[in-house]
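Numbering (the working numbering), first residue to last: -18 to 811.
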């Protein structure tokens, strides 16, 4: 999907928004699972086809959203407070205390969910059965699936001395389950606290089972028929169906034990209470497939009790030392109402997360000058170039016509009035600003004839030869097509029997033709890197099975593309902020963790992720009042920080294009309660490049070259130096109970530390103590801040207020920083 500020809605042009690109539903099981596995998989497949995802389509030039046939509600964390506004004033709304996702979580949970490679975690600490667990991948409360008898109850005594509870079933038919998770077939870890009894056959405690495959990994309990010993068993079933087991007995049924099972390139290990108890060699790997997880047995009326707490899955095999740390964690606590920066290193920071997507930006002299001024001020470092926002339609050689989704039909070139050609963009924008460029290759069509799919030679190799050998542009990143997983929409694929035309029910032909592009391009320039579009952040069954799994197995690629549009719930109540509707730490973080797992499974580096489209539009569709509001810098800073935590190599904001104004077109009227001094118009552009006719512009005082709200998040991360190539993001702990309005991130910085603090309180400043776990003193502290105070100058039409910087003297044992309302703040410790 390309949700595109460069769209000329008034001119009746087709949209680049691809219908079906974002799969917002998740499947929750209900009376579907049998006890033999095959019934489970069949039910999942059939039900997955019954649920119709959100799609988007156009009638003429007007965007209309199709019906969402199965909107399964999931929990989007809301962790702050906000206020609303009217057209003429940003009036305050009563503060509202928003629920935390796992309000019962303790420092133990903060430790467990950040252990090496963890991508799914269930605290199971809630007293009420409605919210027994949260899947880290999707950030929704777990459905209770197929339950009988007493079901699953919360509130039983937990395993660790944190005052929390665990979940229990007294009837082994109960279980929690969900589909759509990937495993790393090479290495991984299952871990849980377990207190259980069993009969003479195994009862499942935690498992992952392949859909459309034979593989599974599981932790089970059973009782020996001869000795009556209670045992825990780890099971590993390969893609060929061969099973391997590790086992330890002499457990007590009324005691808690920490169980950890790891698999690692042919070695299966079982640890109990931090000690290695059993190890066996295995052959073959797991299936290349999607999996469903299960907690609790889900079968058999045994009357046996099972209690589980703090269960997790990791995409790497823990070492013996890491297992020991898991059993006896060393916990730390942040200062009251504040932040503790820990030495645990996360992703490597790449400067090119501060990029933007070109959507046919007018490059005539006056708009070009404004664009250069604004992009330089914002600190933009990278560019995704699509030649007008329609990469699978464009002719990189130029010409008067582009292809369409219909064989043989063309449309007038979108760049005819904008001077937006590859040569002009590279010479006038990319080279002067030193931007790292990602070029999207036309996979889908063969202009100018437009009667077949894209040619690997003409659209791939010849383009790379022209750009890098003839013109010496040095473009190192190349995408093969745009959102080729999106079917039934305006995206273009004129190859024979394209996936688009099968309504998602047949195997994609993308994996047939894409390797030809990879090989042709690498033959011309073996130094370049090539990425392929993934199935999106929350795909359903069909995109996973018919596109994503074949892609990971058969495509040739160096990196995986993510298009992230995480805001799916528009503001309607005036009490919450957009970035709290999505919660960057859950849905976005979970998607990135899933991508890391998929890359490891495919034998690629876990950071080989390019987020080549992302923004704050509702479902990637509409602009709202929020898009021009005070919270956009908060949203952009949080999202970029999440990208950096995952080690994302490249990210480009969608988009900078023809409609770079506060526009009434594509407007989401449901967001009128957002904090903004201007009503009835919106946009996600970074830079105002001048007044534009016939696009519904509302004059709000912007001058050419002014930054629009989203760009202020880029600016403060760039000017402060927080985004510094080669540094590492660090783990932080915050006092969530004492400062629920606070979001925090940290990084190494020139041998010291940088901390990013975001105050989501719209009405109050807050003093926040910051402590560094491994440094006690320094020469100075530099504080950068942009917030509501600067934004409020837009009320009088002045959009030029940028971040402010102050210096504080030498510090000892941390420092305390006062955060203004609705502000992004960067603290540099010298």
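Note that the Cβ used here is the ideal one computed from N, Cα and C, for glycine as well.
Taking the C-beta atoms as reference points, residue 509 is found no nearer than 8 Å to residue 495.
In the displayed model, residue 175 falls within a strand according to three-state DSSP. For residue 807, the closest of 740, 791 and 782 by C-alpha to C-alpha distance is 740. Between residue 541 and residue 586, the alpha-carbon positions lie close to 10 Å from each other.
Secondary structure at residue 514: strand, using DSSP grouped into helix, strand and coil. Within the same chain, Cβ atoms closer than 6 Å to the Cβ of residue 683 are found at 669 and 780, the five residues on either side in sequence being excluded. For residue 139, no alpha helix (DSSP H) encloses it, and the DSSP letter there is neither H nor E. Closest in alpha carbon position to residue 371, among 428, 489 and 730, is 428. Secondary structure remark: continuous alpha helix (DSSP H) runs of at least 4 residues inside the stretch 188 to 254: none found. Selection 171, 737, 175 and 184 evaluated against residue 155 yields 184 as nearest (Cα-Cα). Note: residue 634 is bridge-paired with 337 in the DSSP secondary-structure output.
The beta carbons of residue 792 and residue 762 sit about 5 Å from each other, so the pair counts as a contact at 8 Å. Taken through DSSP and simplified to helix, strand or coil, residue 466 comes out as coil. Its Cα nearest to that of residue 397, the residue 380 stands out among 386, 380 and 137. In this structure, residue 259 lies near residue 251, with their beta-carbon atoms less than 8 Å apart.
The beta-bridge partner set that DSSP reports for residue 625 is empty.
In this structure, DSSP gives residue 412 a helical state, which the three-state scheme calls helix. Note: residue 789 is bridge-paired with 762 in the DSSP secondary-structure output.
Using a Cβ-Cβ distance cut-off of 8 Å, the stretch 705 to 713 and the stretch 268 to 278 are not in contact, since fewer than three pairs of beta carbons, one from each stretch, lie closer than that value. Closest in alpha carbon position to residue 325, among 785, 727 and 745, is 727. Every alpha helix (DSSP H) of 4 residues or more that sits fully in the stretch 473 to 532 is shown, in chain order, as 491 to 505. The DSSP-derived three-state label of residue 689 is coil. Assignment of residue 806 by DSSP, reduced to helix, strand and coil, places it in the strand class.
Its Cα nearest to that of residue 600, the residue 648 stands out among 247, 648 and 573. Judged by DSSP secondary structure, residue 405 falls within the alpha helix (DSSP H) whose first and last residues are 403 to 406. The straight-line gap separating the alpha-carbon atoms of residue 197 and residue 267 is approximately 7 Å. Burial state of residue 101 is buried, judged by a 10 Å Cβ sphere holding 16 or more other Cβ atoms. In its chain, beyond the 5 residues on either side, 490 have a beta carbon closer than 7 Å to the beta carbon of residue 479. Short of 8 Å from the beta carbon of residue 527, and not among the five residues preceding or following it, lie these beta carbons of its own chain, in chain order: 480, 483, 485, 486, 487, 488 and 489.
In the three-state DSSP reduction, residue 393 falls in the strand class (E or B). Across the set 699, 694, 610 and 651, the C-alpha of 610 shows the shortest separation from the C-alpha of residue 776. Here residue 145 has 85, 87, 106 and 139 as same chain residues with Cβ atoms under 7 Å from its own Cβ, once five neighbours each way along the sequence are excluded. The three-state secondary structure of residue 355, taken from DSSP, is helix.
Under DSSP, the beta-bridge partners assigned to residue 272 are 162 and 191. The bridge partners DSSP lists for residue 326 are 711. Exposure of residue 413 is indicated by the presence of fewer than 16 other C-beta atoms within 10 angstroms of its C-beta.
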